[in-house]
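S.K.:
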Amino acid sequence: MKETKKRTFTCGLDAAIAVMGGKWKGLILFALQDGPLRFGELRRAVPGISERVLILQLREMETTGLLHREVYHQVPPKVEYSLTEFGHSLNTAMAPLGEWGEEHIERIEAIPFDVDRRMT
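UniProt numbering puts the first residue of the sequence shown at 1, with every later residue one more than the last.
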């Protein structure tokens, strides 16, 4: 069994980024804000994500408690993903950041991001 280490954070932002960090989790949260989606629907709702990365991100998000995975035992099998209350609360917290991004999208798009070396 894999040993887990309890992590301490320097501040609330550090803790929040640990849960939702990366390019894809915020987009997945956004896609699920209006209700449950199946895997294929999620893949279409998050352009550019590979099947493998989506699977990994969904597993991480389930582990951290951001989403719930509901398996319907039927033929063919059906699986739906939905936000938990914890996931909804993170979406609510991210909304102002998304609004800021919308306000400044032209300026941000003009930034000469280096494809090989993302700004961090």
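Here a beta-carbon is modelled for each residue, glycine too, at the ideal position from N, C-alpha and C.
What's the gap between the Cα of Leu56 and the Cα of His104?
M.R.: One C-alpha to the other measures close to 31 Å.
S.K.: Runs of 4 residues minimum, wholly inside the segment 32–100: which ones carry the alpha helix (DSSP H) assignment?
M.R.: As far as the segment 32–100 is concerned, its whole alpha helix (DSSP H) runs of at least 4 residues are 39–45 and 51–63.
S.K.: Please list the terminal residues of the continuous alpha helix (DSSP H) segment that includes Arg107.
M.R.: Ile105 to Glu109 is the span of the alpha helix (DSSP H), which, as asked, contains Arg107.
S.K.: Grouping DSSP H, G and I as helix and E and B as strand, with all else coil, what is Gly12?
M.R.: DSSP places Gly12 in helix when its eight states are reduced to three.
S.K.: Do the segment 92–108 and the segment 59–74 touch if we need at least three Cβ pairs shorter than 8 Å?
M.R.: In short, these stretches do not touch, since the Cβ pair count stays below three.
S.K.: Please work out which residues of its chain come closer than 8 Å, Cβ to Cβ, to Tyr72, disregarding the five sequence neighbours upstream and downstream, and give them in chain order.
M.R.: Closer than 8 Å at the Cβ level, and outside the excluded window around Tyr72, lie Lys78, Val79 and Glu80.
S.K.: Sort Lys5, Arg38, Arg7 and Ser50 by Cα distance to Trp24 and report the nearest one.
M.R.: Considering only alpha carbons, the answer is Ser50.
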